[in-house]
Amino acid sequence: MTRDVLLTCPLDCPDACRLKVTVAASEDPRTGQVTERMVKLTGDPAHPITRGFACVKTVHYPARANHPQRPLHPLRRVNPKTDPEPVFEQVTWAEALDDIAARLRTLLDTRGPQAILRYNYAGTMGLMEGSHVHALFRALGAPELDETICATAGTEAWSMGYGTRYSVDPVDVAHARLIVLWGINSLSTNSHLTPHLTAARKAGARIVCVDPYRNRTAAYADEHLKIRPGTDAALALGIMHELFAHGWTDERYIAQATTGVEDLRAAAQPWTPERTADVTGLDADTVRTFARAIGTTRPTYFRVGYGMTRHETGGTNLRAVTLLPALTGDWRYRGGGCSLSASGAFKLNRTRLGAAHLIRPGTPHVNMNELAGALRPEAGLGALVVYNTNPAVVAPDAGRVRAGLARDDLLVVVLEQAMTETARLADYVLPATTFAEHADLYTSYGHHFLGYNPAALPAPGEARPNSWVMQELGRRLGVTEPSVYWTIDELMAELLDTDHPHLAGITPERLRAEGSVRLNLPEEFLPYAHGAETPSGKVQFSPAPLYREPQATLTDDYPVRLLTPPAHHFLNSTYGLLDNLNHAEGDEPHVLVHPEDAARSRLADGGYALLQSEVGQVRRRVKVTDAAQPGTAVVEGTWWGLSAPDGTSINELTAQTLTDLGGGSTFHNTRVRLSPV
Ligand SMILES: Nc1nc2c(c(=O)[nH]1)N[C@H]1C(S)=C(S)[C@@H](COP(=O)(O)OP(=O)(O)OC[C@H]3O[C@@H](n4cnc5c(=O)[nH]c(N)nc54)[C@H](O)[C@@H]3O)O[C@H]1N2
Ligand SMILES: Nc1nc2c(c(=O)[nH]1)N[C@H]1C(S)=C(S)[C@@H](COP(=O)(O)OP(=O)(O)OC[C@H]3O[C@@H](n4cnc5c(=O)[nH]c(N)nc54)[C@H](O)[C@@H]3O)O[C@H]1N2
Ligand code: SF4
Ligand SMILES: [Mo]
1 MTRDVLLTCP LDCPDACRLK VTVAASEDPR TGQVTERMVK LTGDPAHPIT RGFACVKTVH
61 YPARANHPQR PLHPLRRVNP KTDPEPVFEQ VTWAEALDDI AARLRTLLDT RGPQAILRYN
121 YAGTMGLMEG SHVHALFRAL GAPELDETIC ATAGTEAWSM GYGTRYSVDP VDVAHARLIV
181 LWGINSLSTN SHLTPHLTAA RKAGARIVCV DPYRNRTAAY ADEHLKIRPG TDAALALGIM
241 HELFAHGWTD ERYIAQATTG VEDLRAAAQP WTPERTADVT GLDADTVRTF ARAIGTTRPT
301 YFRVGYGMTR HETGGTNLRA VTLLPALTGD WRYRGGGCSL SASGAFKLNR TRLGAAHLIR
361 PGTPHVNMNE LAGALRPEAG LGALVVYNTN PAVVAPDAGR VRAGLARDDL LVVVLEQAMT
421 ETARLADYVL PATTFAEHAD LYTSYGHHFL GYNPAALPAP GEARPNSWVM QELGRRLGVT
481 EPSVYWTIDE LMAELLDTDH PHLAGITPER LRAEGSVRLN LPEEFLPYAH GAETPSGKVQ
541 FSPAPLYREP QATLTDDYPV RLLTPPAHHF LNSTYGLLDN LNHAEGDEPH VLVHPEDAAR
601 SRLADGGYAL LQSEVGQVRR RVKVTDAAQP GTAVVEGTWW GLSAPDGTSI NELTAQTLTD
661 LGGGSTFHNT RVRLSPV
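Following this line, the structure appears as structure tokens:
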């Protein structure tokens, strides 16, 4: 017996798909007990964005949810965390929660709330299980975790120019006649945009990809501009130079909807095609032709990704690129403009989401990219509570993160659905429910639909939602703040308690009934056609973005830049436990090395290379390919260290260096030296 349920995908992906999940009941022959589990997953054919397909990774979610190693009971570590193989014993929820609460209580009484840190990210995008659950820590007065690992450089850059983050509706992209995919591997990371790209191409659009290596998207595009990493601001300024020089700017739009164009004109002035070519590694004619296409094709659509932000100067680089459609006036045309994130359109009432109203002035902040530093003994942490993220693998300087997690004087509590390498370093692993097993509300950063999921399946074993755990701890710690104990219904009522027109007519009842509801936006949504939600009400060009060389410039010691972007068959570290998806990615992580670099470093295709950065070293199998460029190597995917030949995460190499804007991560900034093993 099976039944289908429609649920929103909870993963950290712009597409926030509407999924058709098939659930089967089976009877345990020994006990006669009937249990239900998910057995199949596809996309909802009726959803305008999902269009009937789930991606190549999430179709395998059932294998993850039913994985034999999924933690289903609270576990307590019994051997030292420095031992390579963890040994856990099963304990009851009461034992686990009583002991954790007692230890947190001792820390609060002896060292104060600053000794307790939550560490979380977007493993679930749910507003309850992903965001509201911070309420406990805010009620305790614990340090604020700045959630900077992914998007903040982009967010800050966008807000300087445009204020609120609005995006072109993906459905409108089919109207574009030039499409520029810049620093995004959209065929892998935003796959539900692809049908709209293809529709535009069928109607005559040209697609250009700007990326340092030939990824899937570059191979799909009509043209690939293989830019030198970290030089996007130079290319954007070079294009602006041509737009100004040839009169390809939209003077009416600039006058009505922008401020500061003179600053931009002055900044672009020195960036002749020749100088631009020199810095970006492209040739001058390519720069000229690209600028002409942008200058003379309406509508032009830019899809920018976070890839180009993951450099020391990444914020400014992205800002320079995103200002282009304001010079050409593309925001006035359906399908023209730029997409980074659609998040700003979800005008929910977030004042008490995660008990944000309790954050006191003077609360210490920890930048999540600096976890390795925060876990040094002298930094004074006594407890770390990890949920919705896998820092032993995904955080910069992962070797030091692991060493910190292994400290015997640090209580590490990990709420997880999988036995990740972070869970393996926990004092307590607390089994978490999946998106099918708890109710939640979802926004999207790639489209304009709100999603609501009921708890469609019973939780297996003793798995519990994060919110349940936080409430149980809250009770034991005597926390009286009411929002800590909100149910999903109370949270929904609060979030939708707003007069904002985008949410007009969207009620909890309607969300529960329809599941996926488009924001109340006009069919033709032109968010910046007349200005922006900035202090001036206009798109702001000042201060003009300037190109800067990174401090970590390439040297004889470290002659190669290493990019570590997402893999096609993974979603961050979420699917690293599935053998078939590891197999689809080549069974083990590979480093893509250009033939020139391979020759210089005496690396053979199929052999192993040692990669050394200032931070650490890893061993990886080599693939010699001209998909890379001289001086730039690539490792796709944050593989579990357990699947790497030397047991390490690629983040053993990456540094805690922050971006110029927003305190963001710099995963593509790493300089390395390669040698044969
Ligand atoms: N070198 C390098 N490193 C990177 C990146 C890169 O490009 N290169 N990308 C960075 C980026 S952009 C990001 S966003 C991060 C993401 O890295 P992570 O935060 O690790 O990403 P996810 O794989 O999304 O989710 C992590 C975990 O959340 C758990 N989880 C999911 N739902 C729930 C839930 O309801 N409850 C609980 N308790 N757990 C849940 C999953 O089981 C999973 O193990 O990685 C960053 N690290
Ligand atoms: N299949 C899949 N999809 C995913 C994820 C996943 O792991 N797998 N992760 C999800 C998450 S959390 C995120 S944040 C997004 C990220 O998705 P993207 O934004 O697509 O990924 P990025 O790491 O940001 O890298 C995108 C591209 O930027 C390029 N790049 C690196 N440096 C530069 C540069 O200096 N200039 C330019 N122009 N390009 C550069 C990289 O080579 C890469 O091809 O994807 C989401 N979707
Ligand atoms: S990971 Fe992204 S593309 Fe895949 S099903 Fe989820 S939302 Fe859709
Ligand atoms: Mo991300």
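Numbering (the UniProt record's numbering), first residue to last: 1 to 677. Glycine included, every Cβ here is placed at the ideal spot set by N, Cα and C.
At a cut-off of 7 Å, the beta-carbon of D579 does not count as near ligand 3: no heavy atom of the ligand is closer than that. Pairwise C-beta distances place the region 545-562 out of contact with the region 577-587, as fewer than three of them are shorter than 8 Å. For R64, the uninterrupted alpha helix (DSSP H) segment begins and ends at Y61 to A65.
L405 and T420 have their C-alpha atoms roughly 13 Å apart. Out of G537, E95 and S649, the CA that lies nearest to the CA of G399 is found in S649. Fewer than three Cβ pairs drawn from the region 364-381 and the region 38-47 lie within less than 8 Å of each other, which leaves the two stretches out of contact.
Here H175 carries a helix assignment [DSSP, helix/strand/coil]. Comparing alpha-carbon positions, the option among K226, E85 and V413 lying closest to P630 turns out to be K226.
Contact between the region 297-315 and the region 137-145 is absent: fewer than 3 CB-CB pairs across the two stretches fall below 8 Å. At least one heavy atom of ligand 3 sits closer than 7 Å to the Cβ of A54. Taking all protein chains in view, the Cβ of N466 is crowded by 16 or more other Cβ atoms within 10 Å, so the residue is classified as buried. Contact between A151 and T316 is absent: CB atoms are separated by about 16 Å, not below the 8 Å threshold. If only uninterrupted beta strand (DSSP E) runs of at least 3 residues are considered, those enclosed by the region 151-226 are 178-182, 206-210 and 223-225. Proximity of the beta carbon of K40 to ligand 3 is not indicated: no heavy atom of the ligand is located closer than 7 Å. Pairwise C-beta distances place the region 435-449 in contact with the region 159-173, as three or more of them are shorter than 8 Å. In this chain, Y547 is not harboured by any beta strand (DSSP E), its DSSP state being neither H nor E. Within the region 328-384, the complete alpha helix (DSSP H) segments of 4 residues or longer fall at 371-374, listed in chain order. In the structure shown, Q417 adopts coil according to DSSP, grouped into three states. Counting only residues of its own chain and dropping the five nearest sequence neighbours on each side, T670 has a CB closer than 6 Å to the CB of L562, S613, L653 and T654. In the pairwise beta carbon analysis, the region 373-390 is classified as touching the region 413-433: at least three pairs are separated by under 8 Å. In this structure, C9 has its beta carbon at no less than 7 Å from each heavy atom of ligand 4.
The continuous alpha helix (DSSP H) containing H241 extends over residues D232 to A245. Here the alpha carbons of T2 and L491 stand approximately 31 Å from one another. With a cut-off of 8 Å on Cβ pairs, the region 261-280 is not in contact with the region 176-193, counting fewer than three such pairs. The C-beta separation of A426 from L117 comes to about 14 Å, leaving the pair out of contact by the 8 Å criterion.
Bounds of any beta strand (DSSP E) do not take in N466; it lies within the alpha helix (DSSP H) bounded by N466 to R476.
Per the coordinates, the alpha-carbon of K81 lies some 7 Å from the alpha-carbon of D408.
Contact annotation: the region 230-245 does not touch the region 189-206, with fewer than three C-beta pairs closer than 8 Å. Not one heavy atom of ligand 4 is found less than 7 Å from the C-beta of D499.
Fewer than three Cβ pairs drawn from the region 539-551 and the region 184-201 lie within less than 8 Å of each other, which leaves the two stretches out of contact. In the structure shown, A255 adopts helical secondary structure according to DSSP, grouped into three states. Judged by pairs of C-beta atoms under 8 Å, the region 17-28 touches the region 53-60, as three or more such pairs exist.
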